[in-house]
Structure formats: structure tokens, C-alpha cells
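See below for the structure under consideration.
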Amino acid sequence: MQKYSVVSLVRKAFNHHRGWNRAWGSPEPKAKYQIIIIGAGGHGLASAYYLGKNFGLRNIAILEKGWLGGGNTGRNTTIIRSNYLQDSSAAIYEKSRSLYENLSQELNYNVMFSPRGVMMLAQTQHELRGYKRTAHANALQGVKTELIGPSRVKELCPIIHIAGPRYPILGALWQARAGTARHDAVAWGYARACADMGMDIIQRCEVTGIKCSNGKVMGVETTRGHLGCEKLGVVVAGHSSALAEMAGFRLPIESVALQALVSEPIKPCIDVVVMANTVHGYLSQSDKGELVIGGGADGYNNYTQRGSFHHIEETVRALIETFPIISRLRMLRQWGGIVDMTGDRSPILSKTPVGGIYFNCGWGTGGFKAIPGSGWAFAELLAKSYSPLAAAFSLDRFREGHFIDESVAAGVTH
Ligand SMILES: Cc1cc2nc3c(=O)[nH]c(=O)nc-3n(C[C@H](O)[C@H](O)[C@H](O)COP(=O)(O)OP(=O)(O)OC[C@H]3O[C@@H](n4cnc5c(N)ncnc54)[C@H](O)[C@@H]3O)c2cc1C
Numbered sequence: 025m026q027k028y029s030v031v032s033l034v035r036k037a038f039n040h041h042r043g044w045n046r047a048w049g050s051p052e053p054k055a056k057y058q059i060i061i062i063g064a065g066g067h068g069l070a071s072a073y074y075l076g077k078n079f080g081l082r083n084i085a086i087l088e089k090g091w092l093g094g095g096n097t098g099r100n101t102t103i104i105r106s107n108y109l110q111d112s113s114a115a116i117y118e119k120s121r122s123l124y125e126n127l128s129q130e131l132n133y134n135v136m137f138s139p140r141g142v143m144m145l146a147q148t149q150h151e152l153r154g155y156k157r158t159a160h161a162n163a164l165q166g167v168k169t170e171l172i173g174p175s176r177v178k179e180l181c182p183i184i185h186i187a188g189p190r191y192p193i194l195g196a197l198w199q200a201r202a203g204t205a206r207h208d209a210v211a212w213g214y215a216r217a218c219a220d221m222g223m224d225i226i227q228r229c230e231v232t233g234i235k236c237s238n239g240k241v242m243g244v245e246t247t248r249g250h251l252g253c254e255k256l257g258v259v260v261a262g263h264s265s266a267l268a269e270m271a272g273f274r275l276p277i278e279s280v281a282l283q284a285l286v287s288e289p290i291k292p293c294i295d296v297v298v299m300a301n302t303v304h305g306y307l308s309q310s311d312k313g314e315l316v317i318g319g320g321a322d323g324y325n326n327y328t329q330r331g332s333f334h335h336i337e338e339t340v341r342a343l344i345e346t347f348p349i350i351s352r353l354r355m356l357r358q359w360g361g362i363v364d365m366t367g368d369r370s371p372i373l374s375k376t377p378v379g380g381i382y383f384n385c386g387w388g389t390g391g392f393k394a395i396p397g398s399g400w401a402f403a404e405l406l407a408k409s410y411s412p413l414a415a416a417f418s419l420d421r422f423r424e425g426h427f428i429d430e431s432v433a434a435g436v437t438h
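Going by this note's numbering, the letters in the sequence shown line up with residues 25 to 438, in that order.
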């Protein structure tokens with residue numbers, strides 16, 4: 025791999041930046057692969073990367089119907105945190121957060137991880153009790169979080185109005201090493217590393233059917249022909265149910281559009297991430313100066329990958345009481361992604377009723393933060409048919425009733 029460094033940048037600058045290699049190619053699909061991953065979002069690419077890095081498997085294709093990173097990975101509000109309640113969730117999200125700490129160095133690609141701190145506001149007594157419980161659980165899990173009072177909230181985020189008439193700030197769950205990263209760069213960094221290991225990333229290649237024989241996967245039908253495989257990893261977020269149907273089974277997943285928006289750029293005014301679950305909105309400031317604002321999911325199932333006016337109004341109206349400065353800002357653009365929601369708001373990393381087919385989905389409104397950890401665990405599951413990090417997230421839990429309830433941690437979309 026061509027190494028990116030200050031020296032290589034300076035050297036290429038003298039040559040008008042000619043001679044850089046493409047970060048990844050456009051290979052022709054081969055007839056058969058050992059493993060095919062469907063979906064070149066962050067989770068699919070990270071899964072392929074750790075299959076190569078941790079298990080030495082390289083005969084892998086990653087198939088993408090659009091362009092890599094063009095799904096939810098390139099549409100989210102980039103919040104990274106690991107302050108979940110249940111042990112199995114804290115384990116995988118904290119693994120992920122800790123991998124983010126050195127991801128730029130590991131991939132030799134600047135993913136702009138910014139551990140600026142995330143606070144989840146408590147604006148009702150009920151919420152305060154909930155976060156107290158999470159802080160205690162996190163202490164036992166080895167995840168560093170703390171419950172802070174209103175004055176500390178104000179100190180960390182001066183633009184906040186702590187004495188709001190309806191929902192005053194009673195405290196917050198604060199995770200100092202949580203933060204954000206550049207979402208596209210995460211996908212691009214993993215893609216470049218996968219291509220360097222000899223894997224084929226095939227864009228504009230939609231999977232239209234899954235071929236099985238005697239209860240085992242044989243390959244996939246695509247818009248670029250039939251491709252054979254020994255194992256199939258399906259990592260397609262909001263399209264998971266459609267892919268499961270192709271393989272002949274159903275998933276406990278619902279797909280809904282989730283929206284976000286950004287304001288016009290302004291001078292730096294907030295250097296932490298704030299989530300306000302009660303009023304339902306969250307906020308951070310991008311390097312360009314835009315306020316990145318996330319809102320709720322649509323109240324009905326759909327596959328529309330776009331924003332709508334009433335969501336801007338609802339989200340901004342909700343946030344104005346807590347952040348009065350927003351009332352004078354113009355909103356610049358909005359967008360939507362199709363997220364995959366499970367009933368217990370926890371993901372699925374699992375074998376399926378068809379031999380050789382594995383699903384990694386159900387990350388819903390909060391899977392960006394999980395990309396490295398999910399890739400790590402799913403690679404292990406694909407390579408060895410078992411991963412301790414993924415074990416609790418198998419499909420069996422829906423049959424056996426072992427739900428991993430994260431409705432508080434996922435109370436606001438993020
Ligand atoms: C507005 C919004 C805000 C969010 N904010 C946050 C946040 O702040 N923090 C956080 O942690 N998470 C957040 N999320 C959630 C996060 O974005 C997702 O959980 C995560 O990106 C899912 O990644 P993925 O790789 O599984 O899916 P995707 O990135 O969606 O990748 C799946 C890919 O599969 C491809 N595909 C689908 N069907 C086929 C097919 N038949 N053949 C081939 N390819 C196919 C798609 O084109 C897509 O590229 C947010 C999501 C949205 C929409």
C-alpha cells in the first residue's frame with residue numbers, strides 16, 4: 025500500500041500530486057469466492073478487513089449496489105460512544121470505541137476520530153434515575169462514564185439553557201472519551217485496506233437473488249451475473265429483510281427512514297456532543313462550523329432515503345428551548361437513511377437457518393459507533409462460526425426471549 029505521510033505528501037507536491045495510486049480499484053467479478061460480503065457500508069468493509077487481518081482470509085468479494093459508503097454509513101451524525109446498559113452491548117460498543125482510538129494509525133488513513141466527549145442530558149427525574157443506573161452498570165463493565173450535575177453541564181457546554189421552563193437540565197451522563205469521526209473516511213479507510221489485501225470491492229453490483237442447495241448457500245445472483253461462494257455475510261442495514269426473503273426466511277427487523285440536518289456554518293460554539301433524549305434531538309458542531317442536528321425516525325415503515333419538512337420543524341422546535349441560539353440559524357440541508365430496527369434495539373450478528381449465510385444487521389439508529397467492533401466480531405463469526413463478542417446477539421434470542429433491552433441507550437436516535 026502506498027503510505028500516506030507528511031513526507032509522501034511533500035514529495036508528491038513537487039510533482040503536482042501526480043503518481044498517487046487509486047485507493048481501491050474496479051475489479052471484474054470472479055466466478056467464485058471463499059466469502060462474499062453483501063453491502064460495502066462501514067460494517068461490511070470492516071468485517072472484510074478483520075477477516076483479512078485477523079484470520080488471513082483474502083479470497084473475498086464485497087458487493088455494493090450503489091457506491092461504497094453511500095448507505096447509512098455516509099448519512100449519519102457520526103456519534104461514537106459506548107455508554108450502554110447491558111453487559112453484552114457495553115462489551116461490543118467499548119471494543120469498537122477503543123478500536124476507533126487508533127484506527128487512523130492502523131489504516132494509515134485519517135478517520136478524524138475526535139474524542140471530544142458526549143453528554144446525554146437528563147431532563148426528567150425518570151431520565152436521571154435511568155442514567156444513574158447506566159453509570160453504575162458502566163462502572164462494573166469498565167466503561168468510563170460519570171453522572172454530572174447541571175453546573176458541570178453548563179461549564180462543558182456554555183450555549184445550553186439549563187433552566188428551561190418545561191425541561192430544566194437535571195444532570196447528564198458524560199463520557200469524556202466518546203466523540204465523533206469522519207463517516208466517509210471510516211468507509212474509505214477500510215476499503216483501501218481491503219483492496220490492498222487483494223479483496224475485490226465491486227460497486228454497482230446489486231444482489232438480486234441468493235442460490236441455496238440442500239439448505240446451504242451456493243452463491244448469489246447479481247446485476248453482474250452469478251457469483252459462487254462458500255460463505256455469505258449479509259451486511260445491508262435497512263435492506264436486511266429483503267435479502268433474508270431472498271434466502272427464504274424472515275427477520276425480526278423493521279426498516280424506517282431516519283433523518284438529520286445541518287445548519288449554516290457558524291464560528292465554533294460547542295466542542296462536545298449533546299444528546300437531549302426527552303425533547304428528542306442531538307447536536308454537535310462539524311469542523312466546517314455547521315451544527316449537525318439529528319432528529320427522530322419516521323413513525324411508519326418505509327424505504328425512502330430522503331428528508332421531509334415536518335421533521336425539520338419538529339426537531340428544531342424541540343431543541344430551541346435547550347439551545348436558544350438555534351432560533352436564529354438557517355438550516356442548510358437535510359437527508360435521510362434507511363435504518364434497521366429490532367424490537368429490543370440491539371443488533372443481530374448471527375448464523376441463519378441456511379448453512380453458510382450469516383447476517384450482521386439491526387444496528388438501527390446507532391451503528392456508526394459500532395463499525396470497528398462489529399467488523400471484528402462478525403469476522404470471527406464468519407471465520408470460526410463463533411465469536412464471544414457476538415454470541416449474545418444471535419437470532420436465537422428472539423425465540424428464547426433473551427432480549428438485550430437497550431431502549432434507554434437508544435432513546436434518541438444517534
Ligand atoms: C440520519 C442518521 C443518523 C445517524 N446517526 C448515527 C450516529 O450519530 N451514531 C451512530 O453510531 N449511528 C448513527 N446512525 C446509524 C448508522 O449510520 C448505521 O447504523 C450504520 O451506518 C450502518 O452501517 P452499515 O454498514 O450496516 O449499513 P450501510 O452503510 O447502510 O451499508 C449497507 C450497504 O448495503 C448496500 N446494499 C443494500 N442492498 C443491497 C443489495 N441487494 N446488493 C448489494 N448491496 C446492497 C447499500 O447500498 C449500502 O451501501 C445514523 C443513521 C442515520 C440514517
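Glycine residues also receive a C-beta, built at the ideal position from the N, C-alpha and C atoms.
Measure the beta-carbon distance from residue i to residue j and round it to whole angstroms, keeping in mind my assumption that it falls under 8 Å.
{"i": "residue 168", "j": "residue 199", "result": "7 Å"}
{"i": "residue 311", "j": "residue 25", "result": "No, residue 311 and residue 25 are not in contact; Cβ-Cβ is about 26 Å, not under 8 Å."}
{"i": "residue 381", "j": "residue 256", "result": "5 Å"}
{"i": "residue 140", "j": "residue 76", "result": "With 8 Å as the limit, residue 140 and residue 76 do not qualify as a contact, their Cβ atoms being about 31 Å apart."}
{"i": "residue 300", "j": "residue 194", "result": "No, residue 300 and residue 194 are not in contact; Cβ-Cβ is about 12 Å, not under 8 Å."}
{"i": "residue 243", "j": "residue 252", "result": "4 Å"}
{"i": "residue 183", "j": "residue 293", "result": "5 Å"}
{"i": "residue 392", "j": "residue 158", "result": "So it is not a contact: roughly 20 Å between Cβ atoms."}
{"i": "residue 434", "j": "residue 354", "result": "About 30 Å separates the two Cβ atoms, so there is no contact after all."}
Restricting to Cα atoms, I'd like to know which of the options is closest to residue i.
{"i": "residue 398", "options": "133, 273, 263, 122", "result": "122"}
{"i": "residue 389", "options": "96, 38, 185", "result": "96"}
{"i": "residue 223", "options": "60, 413, 161", "result": "60"}
{"i": "residue 206", "options": "230, 153, 280, 124", "result": "124"}
{"i": "residue 339", "options": "75, 284, 401", "result": "284"}
{"i": "residue 246", "options": "42, 229, 275", "result": "229"}
{"i": "residue 163", "options": "108, 367, 186", "result": "108"}
{"i": "residue 271", "options": "343, 180, 190, 376", "result": "376"}
{"i": "residue 80", "options": "418, 209, 407, 172", "result": "407"}
{"i": "residue 41", "options": "58, 432, 28, 291", "result": "28"}
{"i": "residue 52", "options": "394, 328, 249", "result": "249"}
Where DSSP assigns a beta bridge to residue i, which residues make up the other side?
{"i": "residue 302", "result": "In the DSSP output, where bridge partners are listed per residue, residue 302 has none listed."}
{"i": "residue 198", "result": "143, 170"}
{"i": "residue 121", "result": "Answer is none; residue 121 lacks a bridge partner."}
{"i": "residue 357", "result": "286"}
{"i": "residue 336", "result": "Its beta-bridge partners do not exist; DSSP assigns none."}
{"i": "residue 309", "result": "315"}
{"i": "residue 61", "result": "86, 257"}
{"i": "residue 365", "result": "278"}
Cα separation between residue i and residue j?
{"i": "residue 415", "j": "residue 34", "result": "47 Å"}
{"i": "residue 319", "j": "residue 39", "result": "46 Å"}
{"i": "residue 332", "j": "residue 359", "result": "8 Å"}
{"i": "residue 347", "j": "residue 289", "result": "16 Å"}
{"i": "residue 295", "j": "residue 78", "result": "36 Å"}
{"i": "residue 240", "j": "residue 330", "result": "37 Å"}
{"i": "residue 188", "j": "residue 343", "result": "11 Å"}
{"i": "residue 345", "j": "residue 304", "result": "12 Å"}
{"i": "residue 99", "j": "residue 307", "result": "15 Å"}
{"i": "residue 85", "j": "residue 30", "result": "32 Å"}
{"i": "residue 413", "j": "residue 396", "result": "12 Å"}
{"i": "residue 129", "j": "residue 46", "result": "20 Å"}
{"i": "residue 365", "j": "residue 337", "result": "24 Å"}
{"i": "residue 180", "j": "residue 150", "result": "23 Å"}
{"i": "residue 371", "j": "residue 71", "result": "15 Å"}
{"i": "residue 4", "j": "residue 266", "result": "In the structure as shown, the chain starts at 25 and stops at 438, and residue 4 therefore has no counterpart that could be examined."}
{"i": "residue 323", "j": "residue 106", "result": "26 Å"}
{"i": "residue 196", "j": "residue 143", "result": "6 Å"}
{"i": "residue 135", "j": "residue 351", "result": "32 Å"}
Cβ of residue i versus every heavy atom of ligand 3: is any distance shorter than 7 Å?
{"i": "residue 41", "result": "What this structure holds is ligand 1, not ligand 3."}
Residue i CB to nearest chain C CB: under 8 Å?
{"i": "residue 185", "result": "Although the question refers to chain C, the structure presented lacks it and comprises just one protein chain."}
Next on the checklist: Below 8 Å, how does it come out for the stretch 108-118 and the stretch 215-231: are there three or more Cβ pairs, yes or no?
Outcome noted: Here the stretch 108-118 makes no contact with the stretch 215-231; the two share fewer than three CB pairs at distances below 8 Å.
Next on the checklist: Using 8 Å as the cut-off, can you tell me whether the stretch 83-93 makes contact with the stretch 53-68, which would need three or more C-beta pairs spanning the two stretches below that distance?
Outcome noted: When Cβ pairs closer than 8 Å are counted between the two stretches, the stretch 83-93 is seen to touch the stretch 53-68, the count reaching three or more.
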